[in-house]
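Read the structure below first, then the notes.
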Amino acid sequence: MAKSAPCTYIVKMEMTQMYRPPKPLEELAVNLLFESHGESRYNRSPAEYQHLASLVTNLKDAHYRVNKRLKERNVAGNFEGAAICDFKAGDRYPHYRPIPTSISLQTIRNGLTALGFRDPKWRKRKPTD
Numbered sequence: 001m002a003k004s005a006p007c008t009y010i011v012k013m014e015m016t017q018m019y020r021p022p023k024p025l026e027e028l029a030v031n032l033l034f035e036s037h038g039e040s041r042y043n044r045s046p047a048e049y050q051h052l053a054s055l056v057t058n059l060k061d062a063h064y065r066v067n068k069r070l071k072e073r074n075v076a077g078n079f080e081g082a083a084i085c086d087f088k089a090g091d092r093y094p095h096y097r098p099i100p101t102s103i104s105l106q107t108i109r110n111g112l113t114a115l116g117f118r119d120p121k122w123r124k125r126k127p128t129d
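Taking the numbering used here, I'd label the letters of the sequence shown as residues 1 to 129.
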């Protein structure tokens, strides 16, 4: 009786890289954006999250809405004494910085990407050696 050769299967798996966790300023920007739409981004079903993602079609409109809402809350005094805490692993003391008067378009884009409301921009892969 002849021995059969062991079967070898080659499976190609596509790996997607996780995006980094959102920074506190990006969280604030996304919260202000959905607040301007009259929505909250917490405790939603998957269909409702898709609806929220569909609200953000134009980044320039999102930039305008976030900065308008930020200005309204600063004028109303909602951010009195509030600060953003930048604390990373390995730090001995937390670092606080005041809440800004405007948020950049890139910060909003990164926040939407980190929280899954926008697909990351395609990037050319670095050649592996």
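Think of the CB as a built atom: it goes at the ideal place given N, C-alpha and C, for glycine as much as any other residue.
Query, Result
"Beta strand (DSSP E) containing HIS95: first to last residue?", "95-98"
"Considering only C-alpha positions, which residue in the set SER36, PRO100, LYS88, ASN110 is nearest to GLY81?", "PRO100"
"Less than 6 Å between the CB of HIS95 and some heavy atom of the ligand COA, yes or no?", "This structure does not include the ligand COA; it has no bound ligands of any sort."
"Alpha carbon to alpha carbon, how far is LYS126 from ARG73?", "43 Å"
"Indicate whether ILE108 and ALA76 have their beta-carbon atoms separated by less than 7 Å.", "no"
"Taking Cβ positions, are VAL66 and ILE103 nearer each other than 7 Å?", "yes"
"Taking Cβ positions, are GLU35 and ALA114 nearer each other than 7 Å?", "no"
"Alpha helix (DSSP H) containing ILE108: first to last residue?", "105-114"
"Just confirm the distance between the C-beta atoms of VAL30 and ARG41, as a whole number of angstroms; I'd bet it's less than 8 Å.", "7 Å"
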